[in-house]
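Data first, discussion second: the structure below is written as structure tokens.
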Amino acid sequence: MASSCGHDNGGSFNVKGSGLVSLGGGRLSLLSQMGNSIAGKFSHCFVSFTKTTSTSKMSFGLDTQVCGPGVMSTPLVKKEPDTFYHLTLESISIGNERLAYKSSSFEYHHVVQEGNIIIDSGTTLTLLPREFYTDLEAVLLKPINTFIRVRDDVVCFAMMPAKEVTIFGNLAQMDFLVGYDLEEGKVSFKPTDCSKHQ
């Protein structure tokens, strides 16, 4: 099995981090190299960065199915480049308010494009089109997985506007069991205290 190594990595790694593992669809990704032995299934449960004595979990194979009360699933969209996992973001709800997705391409075509967002466990922040980000910022009420404390006296919004690519980052995935079923073509989310997940 070939393994990836980085020597001049960029990103927001701290002293405890050592880089990234490729979980995408590329031929050199860990998943591609594991092949049929995992039946196209894996899951992860990221512990909130405030729980410093717990570790996140990752599982591979048939026992990784995310099921039970509270599970929500959405289809994976096949799209190039196939190294990414594409989803379709139609809206975000905050309380009783539903914000419909919009971007510069939406304004032109008046329809939400399939595969308009990438779910990425290796990207920290969630990146949204500026038009949609501005609407979201204006009505945001609850700081659940949307704000991060970077110092005792500084809290930052964990989303930012983006010009090209839209990404559902890993801070927004904290304390959710996220399961990928590549054979069924779906990703599932279950609210979970990841510090207690086995």
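Count along the sequence shown starting at 1, add 6, and that's the number in the numbering used here.
Virtual Cβ for every residue (Gly too), placed ideally from N, Cα, C.
Note that the structure is predicted; figures quoted are calculated from it, not measured.
- Collapsing the DSSP output to three states places residue 127 in coil.
- Put simply, of 80, 167 and 155 the residue whose alpha carbon is nearest the alpha carbon of residue 108 is 167.
- The continuous alpha helix (DSSP H) containing residue 36 extends over residues 36-40.
- By the neighbour-count criterion, in which 16 or more other beta carbons inside 10 Å mark a residue as buried, residue 72 falls on the buried side.
- Taking the Cα of residue 97 as reference, the smallest distance to any Cα among 160, 91 and 106 is reached at 106.
- In this chain, the beta strand (DSSP E) harbouring residue 156 covers 153-157.
- Nearest in C-alpha terms to residue 140, of all of 156, 163 and 155, is 163.
- Judged by beta-carbon spacing, residue 37 lies beyond the 8 Å limit of residue 191, meaning their Cβ atoms are not closer than that value.
- Rounded to the nearest whole angstrom, the C-alpha separation of residue 66 and residue 184 is 12 Å.
- Around the beta carbon of residue 198, 16 or more other beta carbons sit within 10 angstroms, so the residue counts as buried.
- If you draw a straight line from the Cα of residue 46 to the Cα of residue 188, it comes to about 5 Å.
- Nearest in C-alpha terms to residue 30, of all of 155, 84 and 203, is 84.
- The Cβ neighbour count for residue 41, taken over all protein chains shown within 10 Å, is under 16; the residue is labelled exposed.
- Taking 8 Å as the upper bound for CB-CB distance, residue 50 and residue 127 are in contact here, some 6 Å apart.
- The three-state reading of DSSP puts residue 134 in strand, counting E and B together.
- Of the other Cβ atoms in all chains shown, 16 or more fall within 10 Å of the Cβ of residue 135; this residue is therefore buried.
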